[in-house]
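Have a look at the structure below, then the notes.
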Amino acid sequence: MEEKSKIIELPKILDKRGNLSFIESLQHIPFEIKRAHWIYDVPGGQTRGGHAYIETREFIVAMSGSFDVILHEHGGNKTVSLNRSYYGLYVPAGTWRELCNFSTNSLALVLSSTYFDVADYIDNYKVYQGRVYSKVLTKNDLSGQVLTMQCYDARKTSVFDCTLLELDKHTSEIGNLSVVENLHSIPFDIKRSYYLYDIPGGQSRGAHAHKELQQFIISVGGSFDITLDDGYNRRTFTLNRPYYGLLIPPGIWRDLVNFSAGATCLVLASEHYNEKDYIRHYEDYLNFKIERT
């Protein structure tokens, strides 16, 4: 039986400091996340997409603003409007899709089940129709991993282990795109993605550390500062570009502050949510770190 596209409602955690929604692989979406990309700075009247994938499945969210997704399914078309950060559209493999009617400052997050492979694309609609009807769905394999998965002793990590990484920025007249791939762009597998939005002026987020979790934090819209603390040293990073991200190993206390109006913070995490992994009180954190040798 062929899969169909569907809207999936995501958790929405309301907080006076700003709202949060999250997506966990094989929990909220029916695949493991191999790749995440976001589309931004789309001029009015432009269309993105206009292709299908042979094997890749996708989950598309409007983190900011709104846009429409036109899908070709089973010989017919349907249009899905995305305009809430806590809803997303699951798109099965073999589905032609186009993204259009982008509002001002709209921001699309796309989570994918495979690494990028040009052989997986079908960008000619006539060819697509032939492949759909004949069910010829084969493609080439992707080459091996580039980065080694990192393991840390959270008691020994320092703020100098945190790294600002520049991401690929694919620019065009129809909008820009930045992408992160597991073990290609960052040294871990993405198990969870979450994002902070609707953050009132003067509010801060974070104020915790993790025992095992690694994170990659991006300002996909607006700007904010991250102050990192290892119990001995502090460093502050300003994130204000959607093609830069901050890699944070476990064992680092962080505070997110100085959010601009309309700022959106995207976090890619190495594990599913686990409350036992959090250290939420600074004194407990200092005691945790003081045990280092």
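If you count by our numbering, then the sequence shown holds residues 623 to 915, one letter each, in order.
The beta-carbon is built from N, C-alpha and C at its ideal position, and this holds for glycine as well.
Over what stretch of residues does the alpha helix (DSSP H) that includes residue i continue unbroken?
| i | result |
| --- | --- |
| Asn909 | Tyr904 to Ile912 |
Which first and last residues belong to the beta strand (DSSP E) in which residue i is found?
| i | result |
| --- | --- |
| His806 | Looking at the DSSP string, His806 is not in any beta strand (DSSP E), and its letter there is neither H nor E. |
| Asp820 | That residue, Asp820, is in no beta strand (DSSP E); it is neither H nor E in DSSP. |
| Ala684 | Glu680 to Ser686 |
| Gly672 | Arg670 to Tyr675 |
| Lys700 | Gly698 to Leu704 |
| Arg857 | Arg856 to Leu861 |
| Thr793 | That residue, Thr793, is in no beta strand (DSSP E); it is neither H nor E in DSSP. |
| Ala658 | Arg657 to Tyr662 |
| Ala715 | First-last for Ala715: undefined, no H or E at that position. |
| Lys628 | Lys628 to Glu631 |
| Glu654 | No beta strand (DSSP E) contains Glu654, which DSSP labels as neither H nor E. |
| Ala730 | Leu729 to Ser734 |
| Leu787 | Thr785 to Glu788 |
| His694 | Phe689 to Glu695 |
| Ile645 | Asn641 to Glu646 |
Among the options, whose alpha-carbon lies nearest the alpha-carbon of residue i?
| i | options | result |
| --- | --- | --- |
| Asn810 | Tyr750, Tyr895, Met685 and Leu890 | Reading off the sequence, residue 810 comes out as Phe, not Asn. It is Leu890. |
| Asp739 | Gly666, His903 and Tyr675 | Tyr675 |
| Ile635 | Ser627, Lys626, Ile629 and Ile645 | Ile645 |
| Trp718 | Asp690, Val683 and Gly671 | Gly671 |
| Asn705 | Thr770, Leu648 and Met685 | Met685 |
| Ser794 | Ile661, Leu648 and Leu632 | Ile661 |
| Val691 | Thr669, Val781, Glu905 and Asp742 | Thr669 |
| Lys700 | Lys626, Asn798 and Ile848 | Lys626 |
| Gln649 | Ile630, Asp847, Ile796 and Asn804 | Ile630 |
| Ser845 | Gly797, Ala883 and Gly752 | Ala883 |
| Leu850 | Thr779, Val683 and His806 | Thr779 |
| Thr770 | Leu729, Ala730, Glu803 and Asp906 | Glu803 |
| Leu908 | Ala715, Ser892, Tyr854 and Ser688 | Tyr854 |
| Val842 | Cys887, His806 and His832 | Cys887 |
| Arg777 | Ile901, Ile651 and Asp847 | Ile901 |
| Val683 | Asp906, Lys911 and Val713 | Val713 |
| Arg857 | His832, Cys722, Phe782 and Asp775 | Phe782 |
Our contact map puts residue i next to residue j with C-beta atoms below 8 Å; I'd like the distance itself, whole angstroms only.
| i | j | result |
| --- | --- | --- |
| Ala829 | Leu733 | Their Cβ separation, rounded to whole angstroms, is 27 Å, which puts Ala829 and Leu733 out of contact at 8 Å. |
| Leu818 | Gly640 | 5 Å |
| Ile808 | Ile839 | Ile808 to Ile839, Cβ: 11 Å. No contact. |
| Asp852 | Ile821 | Contact doesn't hold; Cβ gap of about 25 Å is too wide. |
| Tyr737 | Lys656 | 5 Å |
| Glu913 | Pro872 | So it is not a contact: roughly 14 Å between Cβ atoms. |
| Pro922 | Ser647 | For residue 922 there is no data in the structure shown, the boundaries of the chain being 623 and 915. |
| Ser688 | Ser735 | Their Cβ separation, rounded to whole angstroms, is 25 Å, which puts Ser688 and Ser735 out of contact at 8 Å. |
Closer than 7 Å: is that where the CB of residue i sits relative to any heavy atom of the ligand ADP?
| i | result |
| --- | --- |
| Asp877 | The ligand ADP is not part of this structure, which contains no ligands at all. |
Query raised in the report: When the Cβ atoms of the stretch 781 to 801 are set against those of the stretch 849 to 869, are three or more pairs found closer than 8 Å?
Result: Touching, yes, given that three or more Cβ pairs across the two stretches are closer than 8 Å.
Query raised in the report: Using 8 Å as the Cβ pair cut-off and three pairs as the minimum, do the stretch 897 to 904 and the stretch 808 to 825 touch?
Result: no
Query raised in the report: Are at least three pairs of beta-carbons, each pair with one atom in the stretch 679 to 686 and one in the stretch 740 to 748, less than 8 Å apart?
Result: Contact check between the stretch 679 to 686 and the stretch 740 to 748: fewer than three CB pairs, one atom from each, fall below 8 Å, which does not count as touching.
Query - Inside the stretch 832 to 886 only - alpha helix (DSSP H) runs reaching at least 4 residues - result: none
Report task. State whether the stretch 872 to 886 contacts the stretch 821 to 836, with contact taken as three or more CB pairs (one from each stretch) at a distance under 8 Å. Result -> yes
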